[in-house]
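Trainee: Have a look at this one.
There are 2 protein chains.
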Amino acid sequence: MTDFLAQRDFWSTANCSIARALEVVGNRTTLLLLREASFGTRRFDDFARRVGVSEPVAATRLKQLVADGLLDRRPYREPGQRTRDEYVLTAKGRDLLPVLAALREWGDAYAVEEPSVRLAHHDCGAAVHVALRCAAGHDVPADQVDLLPGPGLLPS
Amino acid sequence: MTDFLAQRDFWSTANCSIARALEVVGNRTTLLLLREASFGTRRFDDFARRVGVSEPVAATRLKQLVADGLLDRRPYREPGQRTRDEYVLTAKGRDLLPVLAALREWGDAYAVEEPSVRLAHHDCGAAVHVALRCAAGHDVPADQVDLLPGPGLLPS
DNA sequence: TAGCTGACTTTGGGCTTCCTAAGTCAGCCG
DNA sequence: CGGCTGACTTAGGAAGCCCAAAGTCAGCTA
Numbered sequence: 001m002t003d004f005l006a007q008r009d010f011w012s013t014a015n016c017s018i019a020r021a022l023e024v025v026g027n028r029t030t031l032l033l034l035r036e037a038s039f040g041t042r043r044f045d046d047f048a049r050r051v052g053v054s055e056p057v058a059a060t061r062l063k064q065l066v067a068d069g070l071l072d073r074r075p076y077r078e079p080g081q082r083t084r085d086e087y088v089l090t091a092k093g094r095d096l097l098p099v100l101a102a103l104r105e106w107g108d109a110y111a112v113e114e115p116s117v118r119l120a121h122h123d124c125g126a127a128v129h130v131a132l133r134c135a136a137g138h139d140v141p142a143d144q145v146d147l148l149p150g151p152g153l154l155p156s
Numbered sequence: 157m158t159d160f161l162a163q164r165d166f167w168s169t170a171n172c173s174i175a176r177a178l179e180v181v182g183n184r185t186t187l188l189l190l191r192e193a194s195f196g197t198r199r200f201d202d203f204a205r206r207v208g209v210s211e212p213v214a215a216t217r218l219k220q221l222v223a224d225g226l227l228d229r230r231p232y233r234e235p236g237q238r239t240r241d242e243y244v245l246t247a248k249g250r251d252l253l254p255v256l257a258a259l260r261e262w263g264d265a266y267a268v269e270e271p272s273v274r275l276a277h278h279d280c281g282a283a284v285h286v287a288l289r290c291a292a293g294h295d296v297p298a299d300q301v302d303l304l305p306g307p308g309l310l311p312s
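Line by line, the protein sequences are chains A and B.
Heads up: the first sequence begins at 1 in my numbering, then just goes up one per residue.
Heads up: the second sequence begins at 157 in my numbering, then just goes up one per residue.
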């Protein structure tokens, strides 16, 4: 790995996990729909209204989210109502919550005066934030992160 | 806060930190440029080539990133070369690294077979990942996060 | 001083995403 | 059985984002 970083023309572009993730959630509307889903929104028109997007766009994006396996679409029935479909997060979708939390934290710090929402730990009530952590349990400041070749590059 | 969640029509759309953050970094190219900046890329054509984007797009987005205060543009000179401009992350830009780390982690898990890059703690070499943590120091699983009204909503 | 190179800008065109407005369709309610 | 409502779809058009190809410009290098 002598010159691993210097060779990033070879690995930066192709097969980048960030680029692949952005193919799924790389647009504004999709992430806002996931935000709403994480708030517990389930119904079509609630999604559209709360995200501030038109119905055709909501329909298209929700369909794509189901196709990508981030949301599950399933029938439900409220008493005295007919059967409807609701959209709920799958595990794959829930695993994007750190992305949303990180975006929220940055937005709180730089893009908004007074945040409208605060995340708290259910058990102790303390504020929740996103942290980088190593497998040995240490907090890792951003400048102590090393970039190393991953398994996709090792057996060269 | 009796029915805080049920009232999210009032706070979900307007003034949402996530939505505001996405106005700055809500497109694919911008986040990939920040990824490259975090890898240490500084020169214009390296950005364009490694992100896989045309020069006009690179120029436009880099300019916007400078205007938004995520990148700093400053002159530098290599020996025997003329003065050039380089782009480096500001503190505001560096604070987006958790977003990139979270996207990478999700992409590693769901969108890619073998990741090309691995993040390691410089001191101990262990893998780095993104975690939710409360101010009291507890690890917080996603299902133990409470949503509470923030300071922007309190003095009603 | 003429050429070369890095760092862009300009031009012109295509695809994607979004909008509003209007239409469809299923099934409970009267 | 006719209307209403929730959940969409369709149609037509504006805006944004992207591309390739070509042009500009500054300042070392010969």
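Glycine is no exception: its CB is placed at the ideal position from the N, C-alpha and C atoms.
Because the structure is a prediction, the values reported are computed rather than measured.
Scan the segment 234-292 of chain B and note each continuous alpha helix (DSSP H) run of 4 residues or more that stays entirely inside, going in chain order.
Mentor: Segments of the alpha helix (DSSP H) lying fully in the segment 234-292 of chain B: 247-250, 253-266.
Trainee: Using Cβ-Cβ distances below 7 Å, what residues of the segment 57-71 of chain A are close to chain B?
Mentor: From the segment 57-71 of chain A, no residue has a Cβ closer than 7 Å to chain B.
Trainee: Based on Cα-Cα distance, which residue from A/16, A/65, A/77 lies nearest to residue 36 of chain A?
Mentor: Answer by Cα proximity: A/65.
Trainee: Look at the Cβ atom of residue 5 of chain A, then the Cβ atom of residue 196 of chain B, and state whether they are nearer than 8 Å.
Mentor: Yes, they are a contact pair.
Trainee: Taking the C-alpha atoms as reference points, what is the distance between residue 312 of chain B and residue 214 of chain B?
Mentor: At residue 312 of chain B the pLDDT is 49, less than 50, meaning the model places this residue with poor confidence; the figure from the coordinates comes in the next sentence. Approximately 45 Å, taken between the alpha carbons.
Trainee: According to DSSP, is residue 140 of chain A part of a helix, a strand, or is it coil?
Mentor: Residue state, collapsed to three classes: coil.
Trainee: If you draw a straight line from the C-alpha of residue 7 of chain A to the C-alpha of residue 288 of chain B, how long is it?
Mentor: Computed Cα separation, rounded: 33 Å.
Trainee: State the DSSP-derived secondary structure class of residue 151 of chain A, mapped to helix, strand or coil.
Mentor: Three-state result, residue 151 of chain A: coil.
Trainee: Check the Cβ-Cβ distances between residue 86 of chain A and every residue of chain B, and say whether any is below 8 Å.
Mentor: Output row for residue 86 of chain A: interface = no.
Trainee: Alpha carbon to alpha carbon, how far is residue 47 of chain A from residue 62 of chain A? Give it in angstroms, no decimals.
Mentor: Rounded to whole angstroms, residue 62 of chain A to residue 47 of chain A spans 9 Å at the Cα level.
Trainee: Classify residue 136 of chain A as buried or exposed, calling it buried when 16 or more other Cβ atoms lie within 10 Å of its own Cβ.
Mentor: Looking at its Cβ environment, which holds fewer than 16 other Cβ atoms inside 10 Å, residue 136 of chain A is exposed.
Trainee: What does the alpha-carbon distance come out to for the pair residue 298 of chain B and residue 233 of chain B?
Mentor: Whole-angstrom Cα-Cα distance: 48 Å.
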